[in-house]
Structures are given as C-alpha cells and as structure tokens.
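S.K.:
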C-alpha cells in the first residue's frame, strides 16, 4: 500500500499547506479591516450621516473572521496531522460558520458600496452643510470643511453645486456674497482667501474648481473592494481546502 | 442762409451719440461665477467712450420687457431710477457710476476687466443709496446698456445688450438617490459565493450521512499507521500454526 501511503502524504501535505495559507490570509484580513475601521481618510462622519454605514459593519465582521480563520487553520493542521475524525469534523463545521459570516461581510460591503453614488453625498451636503440644528450636523459641516481644505476641492461635483441647488448653506449666506462657501477659495497661511473678489467671481487660480467626490469615493472604494474582493479570494481558497478536508475526513478509519 | 444754420443746429439738439457697442458678459477668462442666482459679470467698456473725458458713465439695468421703454433723460439717484424699488415700481435702475479714468484704454494685457453687477449687499434696503449695485431680485431676463452723462445731459450711449438670464436653483429634494442599480461585480460575487457555500453544505451533509459506511472511498482507506501492523501479525500466526503440525 505504498502508493496509497504516498497519496495520503501528498493530500496531508496539500491540506496543511492550504491551512497555512488560510491562517496567513486571516491575519492579513484582520490587519486590513483594522486599517479601514480606523478611518484614516476621515470620511466616516459622512457615511454615518447617510445612515448607510454598513461598509463599516462589514469591516468589523472582517476583523473577527480573520482571527477565527487563523485559529481554525491551526486546528485544521493539528487535525490533519493526527488524522483525528472528531477534530476535523469540528474544524469543518466551524469553518462553515466562519465562511457564512465572511460571505455576509463581502456581500454587504459590495452592496453598500453601490449605494454610495455622488447624488447621495450631494443631497446630504446640500441639506446638512452649515445647518445649525440638529447638532449632529456639526459633524457633517466639520468633515466637509476639512475635506475641502485638505483636498483643495469644492462641493461634490464642483462649486456650481451651490448654484444649481438651494441648500441649508444658502439660507444663511446670501448668493451675492457667498456664491459658494469660503472654504472653496484658495486660502493663505492664515486661512483667509488670497483674493476674495477673485474667489467670488470664480477666476481660475483663486478658487477650487474640482469636486470632492473623487476624494471621498477613492477611500470608500478602496475600503469596499478591499473587504469584498479580498474576502472573496480567501473564501475561494477556503472552499478548495474544505472540500479536500471533507474528502480526507471521509477516508479516515476510526 | 437760414437753412444751413438750422441744419447745423439739429444734431446738437439731439445730442446723444450712438456708440456701436453692445455690452457683453465677460468672455475671457472663463469665470465660474459669470452668472449666479443674483449677480452677473459684464466686460468693462474699454476704449468705447473715447473723447468723453468729462462724462459720468452709468450702467442702466432694465427688465427685458422694459428696455425699449427706457427714457435717456432719466436721472441717476432719483426715485425713478432707484435700485431699492426695482423691479416693482422702477423697471430700470442706474448704477456703477464711473469716469473714463476708470476704463483706461488700451487694456493692459493680463488684466481682468470686469464689472460685477449685484455685488453690493450692504445697501439693498438703504433708500439713501439709490445707485446701489445691489443683487438682482430674480432670474430676469435683464438687459443692460452704458449711458454717458455730462452734468445731467446724456451725451452718449451704447446699444442694449442681449437678454441676460440668471441661474435658478432647484430644490435638493429633486435629487434622486435611489435609482442606482447593482454593479455587475456585486452580482457575480453574491452568485459565486452562494454557490460555493451551497456546495460545501451539500458536502457536509454527504459526509454526515455516509458516516461510518465504507461505500465512499472504502478501497483507499487511510488507515492509522499503528493498527495495520497489528492485524497483519495476527493473520500470519493463525494460518501458520496448523501447517506446522
């Protein structure tokens, strides 16, 4: 039965290798999701304001799934080397539960990414920027001010957003003095417009003419696709390893 | 001799020179705020009013429908041309007073020569400032022309501009946020993952159903190393004993 022994050894080796890869990917997934949850680009308040921040829920699930994958991969390696039916059965069932959670996380991330179109942010900005009450609008205002300052942009699609639509901003700031917010102007070191008249006229060079949507959608896309597609890749690999483990399990004598 | 004298006097009596210039919105540089909801930006009338060094050059802003009815003998700074009553009782107001010194000719290259109509917000309600350059009250359309006055007498005018319509802002509730479809990537991801999960569940069920039976993979059983050696030893021993007798 030497040939069969060799086959066993090869299968064992492959499964151990597969579990090692799963363990490493689990750690990578945890690290990636912690990075996203820590919000390095500051767009979380805007997403929270859309009341559709399930992309963050998907990242949170990803953190715990990653840790679970790492732990289960160690269990799997022990179970394969010992050829223990019970250990491998526990491994398979827990892996399936983890698979289900990770699947939920990927689908959530992908679905909610599709929801975050420019119109969603445009409507939110027009209705809530510089609106004095309720108090949670201060978060939206502060986030937009920082976004426009750091990325040298204005509005979602451009400064004309403030002209094409009425807004909460327009209620408190008249059109002649503030065709668009002061933060859209090119500012000097003290935070004052370099040329206020040039900014109000819209002279190129004295105001920010691009929209901020790219600065928002860049990080959100990276976040959503990072969680969704990396998770998808891990799940495809896990699928193969689990099938191999099931086959191995069914061949163990007890 | 009287006839030539009379003919000489006639043009002097009319007095207003028709300059062949039409006011236009600024074309260069391209301005984002060329027209907003209450302001618009005109090109300055450079090199147009040459020779009228002593004249005051006024901008007349009128409703499109009232432009043709405007009388050049209207005086700036009077209730008939006050900005504050525009457009209710006043259909054309006069503002942006300037002299030729404000519009030097020729224009220096690189200079942005514009007039922003509607930029003064401090005097919109101030009746003491009838020549206020206040924000326009509606989207228009409006027509403008320049009028040069010496003392109180009009001496030169440009033509009326084309009708200028300002921007109208829509309400943000008109923005639709619900018609975004699902991207192809998301649908593919969901389908593939669901299929994989279903296969795994089927495999688990198959595993548990055939637990203990040798039907699946019985010929290539992966036995534990220790038990094989013991069984072989017993078989040999049983067969050998009777033959040895």
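Residue numbers (the numbering used here), protein chains in the order written: chain A, 52 to 305; chain B, -19 to 225.
No residue lacks a Cβ here, since even glycine has one placed at the ideal position from N, Cα and C.
Predicted model, so just to flag it, every value in this text is computed and none were measured.
#1: Rounded to whole angstroms, what's the CA-CA distance from residue 84 of chain B to residue 27 of chain B? Just pull it up for me.
#2: Give the interface partners of residue 21 of chain B over in chain A, defined as CB-CB distance under 8 Å, in chain order.
#3: Taking DSSP's pairing of strands, which residues face residue 191 of chain B in a bridge?
#4: Along the region 291 to 305 of chain A, where does the CB come closer than 9 Å to a CB of chain B? Name the residues.
#5: Compare the C-beta of residue 83 of chain A against all C-beta atoms of chain B and say whether one is closer than 8 Å.
#6: For residue 207 of chain A versus residue 263 of chain A, is the C-beta distance shorter than 8 Å?
#7: How is residue 274 of chain B classed by DSSP in three states: helix, strand or coil?
#8: Just by C-beta distance, which residues in the region 222 to 245 of chain A are closer than 7 Å to chain B?
#9: Are the C-beta atoms of residue 202 of chain A and some chain B residue less than 8 Å apart?
#10: Between residue 110 of chain A and chain B, is any beta-carbon pair separated by less than 8 Å?
#11: Chain A partners of residue 17 of chain B, CB-CB under 7 Å?
#12: Let's see if you can read the secondary structure: which residues bound the alpha helix (DSSP H) around residue 121 of chain A?
#13: Measuring straight from C-alpha to C-alpha, what distance separates residue 151 of chain B and residue 219 of chain A?
#14: Taking only beta-carbon positions, decide if residue 67 of chain A is within less than 8 Å of chain B.
#15: Between the alpha carbons of residue 71 of chain B and residue 117 of chain B, how many angstroms are there, rounded?
#16: Any beta-carbon of chain B closer than 8 Å to the one on residue 188 of chain A?
#17: Which residue wins for smallest C-alpha separation from residue 113 of chain B, given the options B/5, B/57, B/52 and B/13?
#18: Which word fits residue 156 of chain B, buried or exposed, when buried means at least 16 other C-beta atoms lie within 10 angstroms of its C-beta?
#19: With respect to the beta strand (DSSP E) encompassing residue 126 of chain B, which residues constitute its N-terminal and C-terminal limits?
#20: Tell me, please, whether the CB atom of residue 66 of chain B is closer than 8 Å to any CB atom in chain A?
#21: Which same chain residues, not among the five before or five after residue 244 of chain A, have their C-beta less than 8 Å away from its C-beta?
#22: Just mark residue 82 of chain B as buried or exposed, buried being the case when its beta carbon has 16 or more other beta carbons within 10 Å.
#23: By alpha-carbon positions, which one of B/98, B/178 and B/119 ends up nearest to residue 248 of chain A?
#24: Quick check on DSSP: helix, strand or coil for residue 186 of chain B?
#25: Give me the Cα-Cα distance between residue 120 of chain A and residue 289 of chain A, rounded to the nearest whole angstrom.
#26: Determine the chain A residues that contact residue 115 of chain B at a beta-carbon separation under 9 Å, and present them in chain order.
#27: Short check: CB of residue 20 of chain B to CB of residue 146 of chain B, under 8 Å?
#28: Helix, strand or coil for residue 141 of chain A per DSSP?
#29: Verify the CB distance criterion: does residue 258 of chain A have a CB-CB separation below 8 Å to chain B?
#30: Going by the CB atoms, is the gap between residue 129 of chain A and residue 123 of chain A shorter than 8 Å?
#31: Among A/269, A/270 and A/291, which has the Cα closest to the Cα of residue 173 of chain B?
#32: Anyone know if the C-beta pair for residue 84 of chain A and residue 131 of chain A falls short of 8 Å?
#33: Let me know the secondary structure DSSP gives residue 23 of chain B once reduced to three states.
M.R.: Answer, in terms of the structure:
#1: Position 104 of the second chain, counted from the first residue, corresponds to residue 84 of chain B. Position 47 of the second chain, counted from the first residue, corresponds to residue 27 of chain B. Approximately 7 Å, taken between the alpha carbons.
#2: Walking along the second chain from the start, residue 21 of chain B turns up at place 41. Residues of chain A passing the Cβ test: 252.
#3: If you number the second chain from 1, residue 191 of chain B lands on position 211. According to DSSP, residue 191 of chain B bridges with nothing at all.
#4: 293, 294, 297, 298, 299, 300, 301, 302, 303, 304 and 305
#5: As a working mapping, residue 83 of chain A is identified with position 32 in the first chain. Residue 83 of chain A does not count as touching chain B.
#6: Against the first chain, residue 207 of chain A aligns to sequence position 156. Against the first chain, residue 263 of chain A aligns to sequence position 212. A contact, by the Cβ cut-off of 8 Å.
#7: One cannot answer for residue 274 of chain B here, as it falls past the ends of chain B, which runs -19 to 225.
#8: 225, 226, 227, 228 and 230
#9: Numbered from 1 along the first chain, position 151 holds the residue referred to as residue 202 of chain A. Cβ-Cβ to chain B under 8 Å: no for residue 202 of chain A.
#10: Locating residue 110 of chain A in the first chain gives position 59, counting from the first residue. It does not; no Cβ of chain B falls within 8 Å.
#11: Working through the second chain from its first residue, we reach residue 17 of chain B at position 37. Result: 214 and 226.
#12: As a first step, residue 121 of chain A must be located in the first chain, where it is residue number 70. Its alpha helix (DSSP H) spans residues 105 to 133.
#13: For the purposes of this step, residue 151 of chain B is taken as residue 171 along the second chain, with counting starting at 1. For the purposes of this step, residue 219 of chain A is taken as residue 168 along the first chain, with counting starting at 1. The straight-line gap from Cα to Cα measures roughly 11 Å.
#14: Indexing the first chain from 1 puts residue 67 of chain A at position 16. So, not an interface residue.
#15: In the second chain, residue 71 of chain B corresponds to position 91, counting from 1. In the second chain, residue 117 of chain B corresponds to position 137, counting from 1. Between residue 71 of chain B and residue 117 of chain B, the C-alpha separation is close to 12 Å.
#16: Stepping through the first chain from its first residue, residue 188 of chain A is reached at position 137. Answer no: the Cβ-Cβ gap between residue 188 of chain A and chain B never drops below 8 Å.
#17: Within the second chain, the letter at position 133 stands for residue 113 of chain B. That would be B/57, whose Cα lies nearest to the Cα of residue 113 of chain B.
#18: Your numbering for residue 156 of chain B matches position 176 in the second chain. Flag for residue 156 of chain B reads exposed.
#19: Locating residue 126 of chain B in the second chain gives position 146, where the first residue counts as 1. Segment 122 to 130, the beta strand (DSSP E) holding residue 126 of chain B.
#20: Position 86 of the second chain, counted from the first residue, corresponds to residue 66 of chain B. No - not a single Cβ of chain A is within 8 Å of the one on residue 66 of chain B.
#21: Within the first chain, residue 244 of chain A is the residue found at index 193, counting from 1. 233, 236, 237, 238, 250 and 257, listed in sequence order.
#22: As a working mapping, residue 82 of chain B is identified with position 102 in the second chain. So residue 82 of chain B counts as exposed.
#23: Indexing the first chain from 1 puts residue 248 of chain A at position 197. Residue 248 of chain A has its Cα closest to that of B/98, out of B/98, B/178 and B/119.
#24: For this step, residue 186 of chain B is matched to residue 206 along the second chain. DSSP places residue 186 of chain B in helix when its eight states are reduced to three.
#25: Residue 120 of chain A sits at position 69 when you count from the first residue of the first chain. Residue 289 of chain A sits at position 238 when you count from the first residue of the first chain. Taking the straight line joining both Cα atoms gives about 9 Å.
#26: Start at 1 with the first residue of the second chain, and residue 115 of chain B comes out as number 135. Near residue 115 of chain B (Cβ distances below 9 Å), the residues of chain A are 225, 226, 227 and 228.
#27: As a position in the second chain, residue 20 of chain B is number 40, starting the count at 1. As a position in the second chain, residue 146 of chain B is number 166, starting the count at 1. Yes. Within cutoff.
#28: As a working mapping, residue 141 of chain A is identified with position 90 in the first chain. Note: residue 141 of chain A maps to helix in three-state DSSP.
#29: Walking along the first chain from the start, residue 258 of chain A turns up at place 207. Residue 258 of chain A counts as touching chain B.
#30: Mapped onto the first chain, residue 123 of chain A falls at position 72. Mapped onto the first chain, residue 129 of chain A falls at position 78. No; because the gap between Cβ atoms is not below 8 Å, this pair is not in contact.
#31: As a working note, residue 173 of chain B is residue 193 in the second chain. Among A/269, A/270 and A/291, the Cα nearest to that of residue 173 of chain B is on A/291.
#32: Counting from one through the first chain, the residue named residue 84 of chain A turns up at place 33. Counting from one through the first chain, the residue named residue 131 of chain A turns up at place 80. Not in contact: residue 84 of chain A and residue 131 of chain A (Cβ atoms no closer than 8 Å).
#33: Here residue 23 of chain B refers to the residue found at position 43 when the second chain is read from its first residue. Three-state result, residue 23 of chain B: strand.
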